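Some notes on the structure that comes next.
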Amino acid sequence: GQQLNQSPQSMFIQEGEDVSMNCTSSSIFNTWLWYKQDPGEGPVLLIALYKAGELTSNGRLTAQFGITRKDSFLNISASIPSDVGIYFCAGFNTGKLIFGQGTTLQVKP
Amino acid sequence: DSGVTQTPKHLITATGQRVTLRCSPRSGDLSVYWYQQSLDQGLQFLIQYYNGEERAKGNILERFSAQQFPDLHSELNLSSLELGDSALYFCASSKILAGAGDTQYFGPGTRLTVL
Numbered sequence: 001g002q003q004l005n006q007s008p009q010s011m012f013i014q015e016g017e018d019v020s021m022n023c024t025s026s027s028i029f030n031t032w033l034w035y036k037q038d039p040g041e042g043p044v045l046l047i048a049l050y051k052a053g054e055l056t057s058n059g060r061l062t063a064q065f066g067i068t069r070k071d072s073f074l075n076i077s078a079s080i081p082s083d084v085g086i087y088f089c090a091g092f093n094t095g096k097l098i099f100g101q102g103t104t105l106q107v108k109p
Numbered sequence: 001d002s003g004v005t006q007t008p009k010h011l012i013t014a015t016g017q018r019v020t021l022r023c024s025p026r027s028g029d030l031s032v033y034w035y036q037q038s039l040d041q042g043l044q045f046l047i048q049y050y051n052g053e054e055r056a057k058g059n060i061l062e063r064f065s066a067q068q069f070p071d072l073h074s075e076l077n078l079s080s081l082e083l084g085d086s087a088l089y090f091c092a093s094s095k096i097l098a099g100a101g102d103t104q105y106f107g108p109g110t111r112l113t114v115l
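As you go down the protein sequences, you meet chains A and B in turn.
Following this note's numbering from start to finish, the first sequence increments by one per residue and tops out at 109.
Following this note's numbering from start to finish, the second sequence increments by one per residue and tops out at 115.
Written as structure tokens, this is what we have:
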């Protein structure tokens, strides 16, 4: 079945550093979504991408929909302690949203 | 606040029992999705309803069933519960507008503990 490979699995960074994570797949997706999840809470939508090559920003977050439609990345600039959490990519195709395994981000003040 | 509501927030029950989880989608959203999240499995899609009809099925066990009512709220029924069914269950909703992709908004989840 369709699978998303999300990397890195976890990151431990210093406050103020930039962060980059990505998702790749052998399948083509026509929508990419990035979510953040805090412990015990539901995933919160950060950025939605609908076109190959699209680059979208939301504050300090920037995400891109890969040209091949098989990958996407999320960058967080100037990280702050509240960026801590699990970040998920999700790709949509053929009626289902497939999630990556998540990137756990820890930020040291 | 995503606008998706789920009840109850926590549920503790025993093996063999049956429970019902409830979800109300965002205003105007016709689609409801159910997901299971356990520690070692990540977010797993279970089932989707659109305007009252089942639209897509994922890895949903036969012991589980769902429905969407005319007012668009949805219920997920879990029966003959096993220890391994302990997990967070999330509901998400979307509009499914043509050309807009499938942007799903998640509720806060129901934490189910089976003892």
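Using N, Cα and C, we set each Cβ at its ideal position, and we do this for glycine too.
Only a predicted model underlies this, so the values are computations on that prediction, with no experimental measurement involved.
### Query
Which bits of chain B does Gly102 of chain A rub up against, with CB to CB less than 9 Å?
Gly42 and Leu43
### Message
Is the beta carbon of Leu115 of chain B closer than 9 Å to that of Leu11 of chain B?
### Response
no
### Query
In three-state DSSP terms, what is Asp102 of chain B?
coil
### Query
Would DSSP call Gly84 of chain B helix, strand or coil?
helix
### Query
Which chain B residues sit within Cβ distance under 8 Å of Gly95 of chain A?
Gln48, Arg55 and Ala56
### Task
Could you tell me whether the stretch 92-104 of chain A touches the stretch 41-55 of chain B, where touching means 3 or more Cβ pairs closer than 8 Å?
yes
### Query
For the beta strand (DSSP E) that His10 of chain B lies in, which residues bound it at each end?
His10 to Thr13
### Range of the contiguous beta strand (DSSP E) that encloses Asn58 of chain A
Leu55 to Asn58
#### Entry: Chain-ordered neighbours of Asp102 of chain B on chain A, where CB pairs are closer than 7 Å
Thr31, Phe92 and Leu97
### Message
Using 8 Å for Cβ pairs, my map puts Arg18 of chain B next to Ser79 of chain B. What's the rounded Cβ distance?
### Response
4 Å
### Task
Kindly indicate which residue of B:Asp1, B:Ala14, B:Thr20 and B:Thr15 has the alpha-carbon position closest to the one of His73 of chain B.
B:Thr20
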